[in-house]
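Each residue of the sequence shown is one higher than the last, beginning at 6 in this note's numbering.
Here a beta-carbon is modelled for each residue, glycine too, at the ideal position from N, C-alpha and C.
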Amino acid sequence: MLYCPWDVAKFFIFSSNVPNILYYALIPGIFISIFLSSFVLFKKKKSLATKLLFSMSLLFAIWGIFALILFATNNPREVMIFWSLTILVEVMMYATGLYLTYVFIDQKDISFTKKIIILCILLPFLILTPWKQNLIGVVVADCTAIEGVLALYFSYAVEILFVLWIIILGIVKAKKASRETRKKIILFT
């Protein structure tokens with residue numbers, strides 16, 4: 006099997022191919038987000054919002070670790086696996102952000118219908134992650150994946166949809182809220 010033109014990664018994330026800025030940006034960010042969300046979860050164990058915040062932090066941590074692995078590895082098989090999983094984790098992070106926004110603003114769980122809508126939007130990723138619609142192959146010269154339609158277009162469209170949904174939800178709810186609540190909604194959004 007052909008490998009990419011740099012040394013094997015040490016401990017999955019350390020390699021001469023990883024720009025140092027990624028270590029400084031991702032590793033502290035991962036630890037800080039997990040620490041803060043764990044602290045909030047510990048203080049309010051039964052709150053759905055804190056559980057969602059912690060879930061989003063875990064997804065961010067997984068995404069960050071996968072990003073480091075992708076830069077460090079010289080193995081095309083690992084690139085295919087982690088790149089595919091990164092796309093899945095990324096859209097799940099945006100979906101969790103939308104769910105958290107609803108719970109934070111409304112102070113209650115979302116309806117079953119909204120959960121089904123979000124799940125239906127995520128379903129293509131859950132089904133097609135291991136298929137050619139997601140990734141076609143790897144360019145061995147630089148260990149980057151050749152993205153298919155799902156990764157190249159649909160994932161970004163879904164992420165933009167979730168961001169716009171959050172913004173519109175924030176605007177609509179802020180207009181209807183009291184002055185004090187409006188500030189919280191705007192700041193959160």
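*What do you reckon, are the CB atoms on TYR104 and ILE123 nearer than 8 Å?*
yes
*Between ALA72 and PHE17, is the Cβ-Cβ spacing less than 8 Å?*
no
*asked:* Nearest by alpha-carbon distance to ALA179: which of LEU140, ASP111, ASP147 is it?
replied: ASP111
*asked:* Considering Cα atoms alone, identify which of ILE67, PHE109, LYS51 is closest to THR186.
replied: That would be PHE109, whose Cα lies nearest to the Cα of THR186.
*Which value, in whole angstroms, describes the spacing of the CA atoms of MET98 and TRP136?*
21 Å
*Nearest neighbour of GLN138, chosen from VAL168, ASN25, ILE151 [CA to CA]*: ILE151
*Beta-carbon spacing of LEU155, PHE130 below 8 Å*: yes
*Cα separation between LEU174 and VAL163?*
Going by the C-alpha atoms only, they are around 16 Å apart.
*So ALA66 packs on SER38, CB below 8 Å; how close in whole Å?*
7 Å
*Excluding sequence positions up to five away, which residues of its chain have a Cβ less than 6 Å from the Cβ of LYS51?*
The answer is none, since no qualifying residue turns up.
*Start and end of the beta strand (DSSP E) containing ILE151?*
Its beta strand (DSSP E) spans residues 149 to 152.
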